[in-house]
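Everything below concerns the one structure shown next.
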Amino acid sequence: MKKFIALLGACLTLVTGPMPAGAQDILIKNATVLTVTRGTFPGTDILILGGIIRKIGEHIEAAKGVRVVDATGRYAVPGLFDSHTHIGVTDVNEMGETITPEVSVADVLTAEDIRIFYCLTGGVTMVHTMHGSGNPIGGRNATIKMKWGKTPEEMIVPQAYPTIKFAQGENIKQSYYNPPTPRYPKSRMGVAAIVRGELLKAREYMEEWDRYETAKRARKPAGFLLPPRRDLRLEALADVLRGKLLVRCHTYRADESLEMVKLSKELGFKIACLDHASEAFKIAKELAAAGIGISVFTDSWSYKLETAEGIAYNAAACAKNGVLVSLNSDGGPQMQYMFNEAAKTMKFGGLSADEALKLITINPAIQLGVDGIAGSLEAGKHGDVAIFSKHPLDSYARCEMTIIEGEVYFDRDQDMKERQEKKNADAEKDKVKKES
Amino acid sequence: MMKNSMIGVLVLALFSLAGAAAEKEPGFFVIRGARIIPVVGEEIPAGMILVRNGRIEAVGRSLAIPEGAEIIEAAGLSAYPGMIDSCTSLGLNEISNVAATVDSSEIGRINPQLRIADALHMDSVHVPIARASGITAAHVVPSGPFIAGQSGIIRLNGRIVEDMIVKSPAFMRIYFQAAPQFIGGSMAPGGKPDDLAKELKEILENARVYQKNKKASENNPAMTRPEFDEALEFLLPVINGQLSVMLDVGSEDEIKAAIKLVKEEKLNAIFFGAEEAWKTAKEIKEAGIPVILSNMYNLPSNWEDGYDARYRLPAELQKAGVKFALASDKYLPPFCIDLPYQASKAAAFGLDKAEALKSVTIYPAEILGVADIMGSLEPGKAANIVLADGDILDRRTQIKRVFIDGRSVDLSNKYTELLKKYEEKN
């Protein structure tokens, strides 16, 4: 049997790549396991070896050296996924220019953002941390795991799609800037035009390079053949056109969301997902047909004019109409209670518990191309698990433990213990101070 | 097409007529078979509530149904008192970033003359949404960098503002924090507690002198009346103990300075915010000052206090015997609907479940001084009743019926209307 597991392990290792660094072995005992994709199993164990889920089943025995976590009465769910945030970075917006695809948040990751820890306290293990919405074509984003205490390099999820931030609407128009910057664009016409213009420029750039490469490969290359000047901005946009860099577009109004879909068809780029998309319920049919998903809030609305029709039923209505929906915190306090946000889609739109959980697990994982390693509890996927005191969609639930690749990054009991120890130590220090 | 739209108009007209009829007069009815959670008093697994003339006449396991009373079958549903949001800008703030729709603050630091009742927008889209979430009354509060103005308590039903007002003025709101706030499109600075206390004491002293001179001149025709001072005029109820103050406090220092100020100036006061109340619970308890907690969802200001500092605050105050109520988040109307979930969050972090429910019903009623008419399902109180298919503090629960002052209120709102409109279009 052991041999079999080892063999299986070896196979899975081949499939999923090298074992994640800092991986641990852990056995979660006797939890109600919400796999999200394959049903719910009471009284079930999860064995994580080398950071990978090896087995989910009853009465799994722990080998020597495997940490055992008793989860009796508790609920185990896949580590939660916040599909649009701005944490773990030192900068969010490059506002010196309007078109900035050459910048990347991966260059400014920081592992010292306390919000990484706050995410863990709410069961979040992976986030898509993004460039801001200051520019029609912003910078590139990064998908990271909440490995609090590790380095930025260790946080990055290399399997995730490379994505770039586009943005439309009132932030680009700078409708609420006081005073606004005198820059183009200032209208939704200008936003569409600048995106089109820049990508047409990138197409020419790409063609120049293609022509050069072809000429270089010719049987008798011309002696005076010079390469075009390399332009990092256009290089990134050429990758957008090549489909290597997927677009995540900040958008609110249904008309502008559809405009972006139209632009993607006209110019031939791929939209990974529309972000915020608070009027997506109006165009669910079109989005479903185009195979474009959305990443939304549940009920944050009415803070800008373009959010005035962003109803709380949006997520559920779209999910029911075949749109791939995920939820996000946008870096707001929701990052600590994504599970509560998901529960609201049961109230507003009547999603089932599993459908609601998908919005913060497998759906965002699909949107970012990491559903092969995360987003559900299945053998072979990364050992990213959140353990809750009750069903996570129960409003009285509390996250008790968060595990990434078999390693415990948040343990409420441990956290409370450490806090108490610090309190005692501080009291002791005060006492000594007073006495001396 | 023509015919269809004609029918549509007809149906719409009928629908709104029915809605209006349902709201116009308070009903005479018995809710039968519901699980009754009166908040004050024992829970009844299946009981009856008799409502007449806008008030609860009787609550019990079994009541004699008077002739003419409509029977509302509610087996399988739970009856709760309507919830009360103890601090919001509902009706003053429509789209927070669009200045034309925001009337919750004014220019200047000292504005005791402002009254929310003068600016209330009863057609705010947020009112029907809050109502459909089981909130039947709210404490509507102005904001400002220092003396912000007079708050009011409203019921979430009515055709004109007068219909909605339960009590106005309710409190004089005074911001007593160092933290800057986003007001009127820019950041307004706060102040150090000692400086603010000194300034406030001076203002209150000026009001006392102003009152003294006014009275003296009334009795002595030889003496000139002091020049009319709008700010001081509206602070007279405060110095005379007729109007309580709501002090926004946050840090330990601010809370301690505010307690000292309240004692020295003999103010009737409640606290709002009080993020570090857990450090000063003993002092607050001794001073007998109730606290309205808010922004529970915000991330903690100091990570050293623990990631759950805000979540566990209600439980800590309960343990210390401090009277408290919960308010929705950030004063902003879209967050009203989160009020019940602040309570369940507190319960997830140590607050007794029954206390959690009280902190959004009877406790706010007591702190806001309206417990004689709302906050629980007791005979004599206004018939503010919510029928839900489960625990109202749980997000998965659906609210089925809401009654305000015995009137069955329409639960449709901008959310449901837009949803319906596009379901039909799609």
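Those sequence lines, one after another, are chains A and B. Just so we're aligned, residue 1 is where the first sequence starts under our numbering, counting upward by one. Just so we're aligned, residue 1 is where the second sequence starts under our numbering, counting upward by one. Beta carbons are placed, not taken as given, at the ideal position from N, Cα and C, and that holds for glycine. Keep in mind the model is a prediction, meaning the values are calculated, not measured.
Around the CB of Arg242/A, fewer than 16 other CB atoms lie within 10 Å, so the residue is classed as exposed.
Contacts with chain A (Cβ-Cβ distance below 8 Å) from the region 89-110 of chain B involve Glu94, Ile95, Ser96, Asn97, Val98, listed in chain order. The beta carbon of Glu58/A lies closer than 7 Å to those of Gly43, Thr44, Asp45 in the same chain, with the five residues before and after it left out.
Counting along the chain, Phe339/A sits inside no beta strand (DSSP E); it lies in the alpha helix (DSSP H) bounded by residues 338-347. No Cβ-Cβ contact shorter than 9 Å links Glu316/B with Ala287/B. Spatial neighbours of Ile174/B in its own chain (CB-CB distance under 8 Å, excluding positions within 5 residues in sequence) are listed in chain order as Phe146, Ile147, Ala148, Leu200, Val245, Met246, Leu247, Asp248. In the DSSP annotation of this structure, the continuous segment of the beta strand (DSSP E) that includes Asp411/A starts and ends at 407-411. Under the rule that a run must span 4 or more residues, the alpha helix (DSSP H) segments found entirely inside the region 221-266 of chain B read 230-233, 236-239, 252-264.
Under the three-state reduction of DSSP output, Met83/B falls in the strand class. Residues of chain A with a Cβ closer than 9 Å to the Cβ of Gly185/B are, in chain order, Tyr176, Asn178.
Sequence-distant Cβ neighbours of Phe349/B in its own chain, meaning closer than 7 Å and more than five residues away, are Asp308, Tyr311, Arg312, Ala315. For the pair Asp389/B and Leu90/B, the CB atoms are not nearer than the 9 Å cut-off. Shortest Cα-Cα distance from Ser96/B to any of Phe182/B, Pro66/B, Glu43/B involves Phe182/B. Ala236/A is outside the set of residues whose beta carbon lies under 9 Å from a beta carbon in chain B.
The beta carbon of Thr397/B sits closer than 8 Å to the beta carbons of Ala388, Asp389, Gly390, Asp391 from its chain, once the five residues preceding and following it are set aside; these are given in chain order. Residue pairing from DSSP places Cys399/A in a beta bridge opposite Phe388/A.
In the DSSP assignment, Pro78/A forms a beta bridge with Val385/A. Arg67/A and Leu34/A have their C-alpha atoms some 21 Å from each other. Nearest Cα to His126/B within the set Asp394/A, Ile362/A, Asp107/A, Ser302/A: Ser302/A. When C-beta atoms of the region 100-108 of chain A are compared with those of the region 225-240 of chain A, three or more pairs fall below 8 Å, so the two segments count as touching.
Comparing alpha carbon positions, the residue from Ala274/B, Ala119/B, Gln113/B closest to Asp229/B is Gln113/B. Among the residues of chain B, those whose CB is under 9 Å from the CB of Tyr313/A are Tyr415, Thr416, Leu418, Leu419, following chain order. Residues of the region 264-288 of chain A that bring their beta carbon within less than 8 Å of a beta carbon in chain B comprise Phe281, Lys282, Ala284, Lys285, in sequence order. Using a CB distance cut-off of 9 Å, Trp301/A counts as an interface residue toward chain B. For a cut-off of 8 Å, the C-beta gap from Lys29/A to Ala71/A is around 6 Å, short enough to register as a contact. Taking C-beta atoms under 8 Å as the contact rule, Lys285/A and Asn321/A qualify, at a distance of about 7 Å. By the Cβ-count criterion, Ser344/B is buried, with 16 or more other Cβ atoms from all chains shown falling within 10 Å of its own Cβ. With a beta-carbon spacing of about 34 Å, Arg395/B and Lys422/A fall beyond the 8 Å limit used to define contacts. Contact annotation for Trp303/B against chain A: Ile114, Phe117, Tyr118 [CB-CB distance below 9 Å, chain order]. Taken through DSSP and simplified to helix, strand or coil, Thr307/A comes out as helix. In summary, no residue of the region 74-100 of chain A has a CB separated from any CB of chain B by less than 8 Å. At a cut-off of 9 Å, the C-beta of Lys173/A has no neighbouring C-beta in chain B. In this model, Tyr396/A and Ser359/B are separated by some 15 Å (Cα to Cα). Taking a contact to require three or more Cβ pairs closer than 8 Å, the region 111-129 of chain A and the region 82-101 of chain A qualify as touching. Between the alpha carbons of Leu245/A and Met95/A lies a distance of about 21 Å. Per DSSP, the beta-bridge partners of Ser326/A are Ser295/A.
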